[in-house]
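Report on the structure given below.
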Amino acid sequence: MRPVDLAREHGLSTQAIRNYEDAGILPAAERSAHGYRAYSPLHAHALRAFLALVPGHGHRTATAIMQAVNRGNTADALGVIDESHGRLLDDRRTLQAVEAALRDLAPVPPERGDTFIGPLARRLGLRPATLRKWEHAGLVQPRRDPRTGYRVYSAADVRDVRLAHQLRRGGYLLEQIAPLIAQVRSAGGVGPLESTLRDWQARLSARGRAMLTGAAGLDAYLHVRDGRKTG
């Protein structure tokens with residue numbers, strides 16, 4: 718098979734095929750006396766496996782998987798796959814924590830009026846220093862009283878603090894929480910986030926299904942490759 722024969726099936730360029738071989742995504746091709754590459758059905762399976770892995774694992778991880786397989790180190794490839802599945806599981810747990818935090822917020826009546834750092838900290842069982850740390854990290858943005866310079870927490874600020882508190886109790890880092898708080902703030906509340914969470918869940922499900930497809934493609938490639946070794 719020529720590079721163009723592999724490329725045509727997937728709408729790729731012949732240069733892409735050469736690049737994949739050079740990167741170790743495809744096993745090394747045999748060369749003719751004139752230096753032309755000659756590919757086999759094994760290379761076709763390798764290409765299909767790589768392209769099946771990319772949607773679920775991403776280009777970099779799919780590349781690492783194929784490189785390990787083509788080095789003959791299937792154990793390393795499976796380890797990379799396990800780590801990728803672990804990241805998906807972490808993302809699912811994060812989504813579940815966010816959903817739980819938002820559910821915990823829902824039954825609480827809306828805040829009325831403003832409050833200060835001391836009363837708010839006591840209400841939530843936090844130290845004022847913790848609230849100042851969260852402010853520095855961008856989780857909450859209380860205004861300052863122009864006369865006294867004291868922090869003044871509005872109803873929206875209290876909502877953000879309570880959401881951050883729920884997520885911190887779930888073990889999440891400030892840098893993981895900050896983007897969500899920013900989204901709640903820009904949406905004007907937690908209600909508009911419902912569609913975002915549904916989209917997030919749909920993306921995770923699609924990624925999980927894509928990983929299954931990638932696993933099937935890689936398994937087919939391994940069967941062909943191992944069959945050639947024993948044949």
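Numbering (the working numbering), first residue to last: 718 to 948.
All residues carry an ideal CB built from backbone N, CA and C; glycine is no exception.
The model shown is predicted, which means the values in this text are computed figures rather than measured ones.
Counting only the Cα atoms, residue 809 lies some 29 Å from residue 939.
Residue 841 has its alpha-carbon roughly 13 Å from the corresponding atom of residue 884. Rounded to the nearest angstrom, the Cβ distance from residue 761 to residue 783 is 14 Å, too far for a contact under 8 Å. Membership of residue 868 in the beta strand (DSSP E) is indicated by the continuous run 868-870. Within the segment 844-920, the complete alpha helix (DSSP H) segments of 4 residues or longer fall at 845-853, 872-886 and 891-904, listed in chain order. Looking at the backbone, the Cα of residue 801 and that of residue 763 are separated by about 20 Å.
Of the candidates 916, 735 and 877, the residue whose Cα lies closest to the Cα of residue 753 is 735. Setting aside the 5 residues that flank it on each side, residue 902 has no residue in the same chain whose C-beta is closer than 6 Å to its C-beta. Listed as beta-bridge partners of residue 754 by DSSP are 748.
Residues 924, 927, 928 and 931 of the same chain have their beta carbon placed closer than 6 Å to that of residue 773, with the five preceding and five following residues left out of the count. Taking all protein chains shown into account, residue 877 has 16 or more neighbouring C-beta atoms within 10 Å of its C-beta and is therefore buried. The residues 782, 785 and 786, in chain order, have a CB closer than 6 Å to that of residue 794 in the same chain once the five nearest residues on each side in sequence are set aside. As a beta-bridge residue in DSSP terms, residue 832 pairs with 870. Rounded to whole angstroms, the separation of the alpha carbons of residue 900 and residue 871 is 17 Å. At least 7 Å separates the beta-carbon of residue 806 from that of residue 917. Looking only at 816, 837, 846 and 865, the smallest Cα-Cα distance to residue 894 is reached by 816.
Taking every protein chain shown into account, the CB of residue 738 has 16 or more other CB atoms within 10 angstroms, so this residue is buried.
Closest option to residue 771, judged by alpha-carbon separation, among 944, 934, 897 and 941: 934. For residue 790, the secondary structure class from DSSP, reduced to helix, strand or coil, is coil. Here residue 795 carries a helix assignment [DSSP, helix/strand/coil]. In the three-state scheme derived from DSSP, where H, G and I count as helix and E and B as strand, residue 934 is classed as helix. Here the alpha carbons of residue 729 and residue 743 stand approximately 14 Å from one another.
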